[in-house]
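Colleague:
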Amino acid sequence: MLAPASGRAGAAAEQVTIGHVASSIGALDFTRMVHVIDYEFGISAIDSGYQRPLLAAIHMIVEGGRVAIIDTGVNSSAPRVLAALRDKGLRPEQVDYVILTHIHLDHAGGAGLLLAQLPNARLTVHPRGARHMVDPSKLIESTIAVYGAEEARRTYGEIVPVPRERIIETVHQSTLKLDGREFVFFDTPGHARHHVCVFDAKSGHLFAGDTFGLSYRELDCNGRQFAFPTTSPTQFDPLAAHRSLELILGLKPGAIYVTHYSQVRDIVRIGADMHRLIEAHEQLARRERDAGAARHESLKVGVTEIVMGEAQRYGWKLTREQVLGIFAGDIELNAQGLAIWLDASGAD
Ligand SMILES: [Zn+2]
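When you number the sequence shown by the numbering used here, it's gap-free, plus one each residue, and the end is 383.
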């Protein structure tokens with residue numbers, strides 16, 4: 036997902052608390068409450084607070100007292116990360132890496148601000164994303180182009196540049212070690228050309244950013260999870276998306292952590308769904324290719340139909356209104372991304 040600006044209904048109330056770092060927080064100090072889910076292997080998810088609860092996760096890995104943060108959310112997420120560290124008895128000095136899966140602002144918008152508070156951390160990013168983290172003017176420009184200056188400022192604030200010398204570019208199959216724990220980076224285009232997935236050798240789990248789709252926890256039904264592709268602007272490429280999915284499935288991860296939202300299991304079934312749903316998006320785009328002025332609306336109707344088809348298939352116990360509330364931002368962005376793909380002649 037890039038960054039839906041509005042239209043997200045709050046299907047998940049603030050009470051949908053799976054866990055939170057509350058032990059050092061006064062019982063009445065709800066402003067400092069941060070939702071954290073702790074998994075095995077020292078892996079945790081921190082709710083970034085972006086847009087609504089359970090929309091965007093920041094992941095954290097702790098190994099031998101050293102810390103890696105995967106994706107950062109937006110500027111207002113930085114205090115949440117620091118609070119989560121504090122609650123685990125960890126100091127900012129113990130963070131060695133801030134790892135970006137890609138540079139869409141709901142993942143990377145808070146990187147500069149967070150890094151300024153982590154004296155020993157280096158930022159890792161896909162080679163295509165590095166210069167935009169050093170000079171975020173293009174990122175800001177393109178965000179303003181989509182949302183307008185006011186909305187962009189309101190949602191993302193000032194994007195803080197990252198000093199060049201603190202950046203590590205993660206090329207395909209490069210590795211990093213966190214106190215000896217190895218992470219392998221894979222180039223995974225499809226959602227964005229500046230996207231990497233991170234394989235954690237110790238757990239056998241994968242951090243997939245947006246490449247394994249959106250898996251909102253509100254849609255879990257009878258213990259079954261679900262994922263939906265995000266074809267958001269401006270670099271959606273279905274062929275690359277299928278290939279990246281194959282790469283991911285080939286790694287046979289025991290679990291995948293997606294940004295929207297956190298841990299996914301049952302990878303083989305959900306991977307097959309993802310292939311099918313990417314295909315459905317591609318077919319929709321080709322069908323509406325010559326729809327002229329009505330194309331954006333037709334694409335939105337088409338994406339809505341795909342969503343509602345899944346609602347039926349999975350038997351979600353939600354009303355149509357609730358489902359469309361959860362996906363409102365994504366339906367808009369997926370339609371925009373498909374249109375940009377068509378215009379870039381990707382459909383030839
Ligand atoms: Zn994204």
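Even glycine gets a Cβ: it sits at the ideal position worked out from N, Cα and C.
All figures in this text were calculated on a predicted structure; none of them were measured in a lab.
Kindly examine ligand 1 and report whether one of its heavy atoms sits closer than 8 Å to the Cβ of A276.
Modeller: No, ligand 1 has no heavy atom inside 8 Å of this Cβ.
Colleague: Return the Cβ separation of V102 and V69 in integer angstroms, given the expectation that the two are a contact with Cβ distance under 8 Å.
Modeller: V102 to V69, Cβ: 16 Å. No contact.
Colleague: Out of S238, V219, L334, which one is the CA nearest neighbour of C232?
Modeller: Measuring from the Cα of C232, the nearest candidate turns out to be V219.
Colleague: Going by Cα to Cα distance, which pick from I78, A146, G84 is closest to G100?
Modeller: Taking only the C-alpha atoms, the option nearest G100 is I78.
Colleague: With DSSP collapsed to three states, give me the class of H94.
Modeller: Of the three classes helix, strand and coil, the one that applies to H94 here is strand, per DSSP.
Colleague: I'd like to confirm something about D222: is its beta-carbon nearer than 8 Å to some heavy atom of ligand 1, or not?
Modeller: False, no ligand heavy atom lies under 8 Å from that Cβ.
Colleague: Contact defined as beta carbons within less than 8 Å: I believe D272 pairs with W351. What is the distance between those atoms, to the nearest angstrom?
Modeller: At roughly 29 Å, the Cβ-Cβ gap does not stay under 8 Å, so D272 and W351 are not in contact.
Colleague: I want to check one thing, is the minimum distance from the CB of S267 to the heavy atoms of ligand 1 below 8 Å?
Modeller: Yes, the Cβ of S267 comes within 8 Å of a heavy atom of ligand 1.
Colleague: Please classify H329 as buried or exposed, where buried requires at least 16 other C-beta atoms within 10 Å of its C-beta.
Modeller: The amino acid occupying residue 329 in the given sequence is Ala; His does not appear at that position. So A329 ends up on the exposed side.
Colleague: Please list the terminal residues of the continuous beta strand (DSSP E) segment that includes Q298.
Modeller: It spans 297-299 - the beta strand (DSSP E) in which Q298 sits, taken as one unbroken run.
Colleague: Can you find the residues in the same chain that come closer than 6 Å, C-beta to C-beta, to A243, ignoring five residues on each side of it along the sequence?
Modeller: The residues are C232, I291, V293.
Colleague: Looking at the unbroken beta strand (DSSP E) that takes in R126, where does it start and where does it end?
Modeller: Careful: R126 lies outside any beta strand (DSSP E) and carries neither H nor E.
Colleague: Three-state secondary structure (DSSP) at I179?
Modeller: Residue state, collapsed to three classes: helix.
Colleague: According to the Cβ coordinates, are A379 and H331 closer than 9 Å?
Modeller: No, these two residues do not count as a Cβ contact at 9 Å.
Colleague: Smallest Cα separation from A276: which of N257, L254, R300, E317?
Modeller: The candidate whose alpha carbon is nearest that of A276 is E317.
Colleague: At 4 residues or longer, and completely inside the segment 148-215: list those alpha helix (DSSP H) runs for me, N to C.
Modeller: DSSP runs (the alpha helix (DSSP H)) wholly in the segment 148-215: 162-169, 172-182, 184-191.
Colleague: Measure the alpha-carbon distance for G364 versus L153 and round it to whole angstroms.
Modeller: Computed Cα separation, rounded: 32 Å.
Colleague: Figure out for me which residue from Y182, D325, L284, L213 has the closest Cα to the Cα of N155.
Modeller: Nearest of Y182, D325, L284, L213 to N155, Cα basis: L213.
Colleague: Would you identify the three-state DSSP class for S79, choosing helix, strand or coil?
Modeller: Of the three classes helix, strand and coil, the one that applies to S79 here is strand, per DSSP.
Colleague: Would I203 and L211 be called neighbours here (beta carbons separated by less than 9 Å)?
Modeller: Contact: yes.
Colleague: Can you say whether S172 is buried or exposed, counting buried as having 16 or more other CB atoms within 10 angstroms of its CB?
Modeller: Exposed, since its Cβ has fewer than 16 Cβ neighbours within 10 Å.
Colleague: Buried or exposed: which applies to A236, given that a residue is buried once 16 or more other Cβ atoms fall within 10 Å of its Cβ?
Modeller: Exposed.
Colleague: Considering only residues of the same chain and omitting the five flanking positions on each side of R252, which have a CB-CB separation below 6 Å?
Modeller: Within the same chain, R252 has close Cβ partners L89, Y296.
Colleague: Just the C-alpha distance for G84 and S111, rounded to the nearest angstrom, thanks.
Modeller: Cα to Cα, the separation comes out at about 8 Å.
Colleague: Name the DSSP beta bridge partners of R101, please?
Modeller: E98.
Colleague: Quick check on DSSP: helix, strand or coil for A243?
Modeller: Correct three-state label for A243: strand.
Colleague: If I measure Cβ to Cβ from P288 and keep anything under 8 Å in the same chain, skipping five residues before and after, which residues do I get?
Modeller: Counting only Cβ-Cβ distances below 8 Å, and skipping sequence neighbours, we find F234, G239, H240, L241, I302.
Colleague: What is the DSSP secondary structure of I134, counted as helix, strand or coil?
Modeller: Note: I134 maps to strand in three-state DSSP.
Colleague: CB G225 to CB I105, shorter than 9 Å?
Modeller: Cβ atoms of G225 and I105: not closer than 9 Å.
Colleague: Enumerate in chain order the residues of its own chain whose CB-to-CB distance from N369 is below 6 Å, with the five nearest sequence positions on each side excluded.
Modeller: Contacts found: T266, V338.
Colleague: Could you tell me whether any non-hydrogen atom of ligand 1 is closer than 8 Å to the CB of A113?
Modeller: Answer for A113: no, Cβ out of range of ligand 1.
Colleague: Counting C-beta neighbours from all protein chains within 10 Å, is the total for Q270 16 or more, i.e. buried, or is it exposed?
Modeller: With 16 or more other Cβ atoms within 10 Å, it is buried.
Colleague: Roughly how many angstroms lie between the CA atoms of D222 and L274, to the nearest whole one?
Modeller: D222 and L274: Cα-Cα distance of roughly 14 Å.
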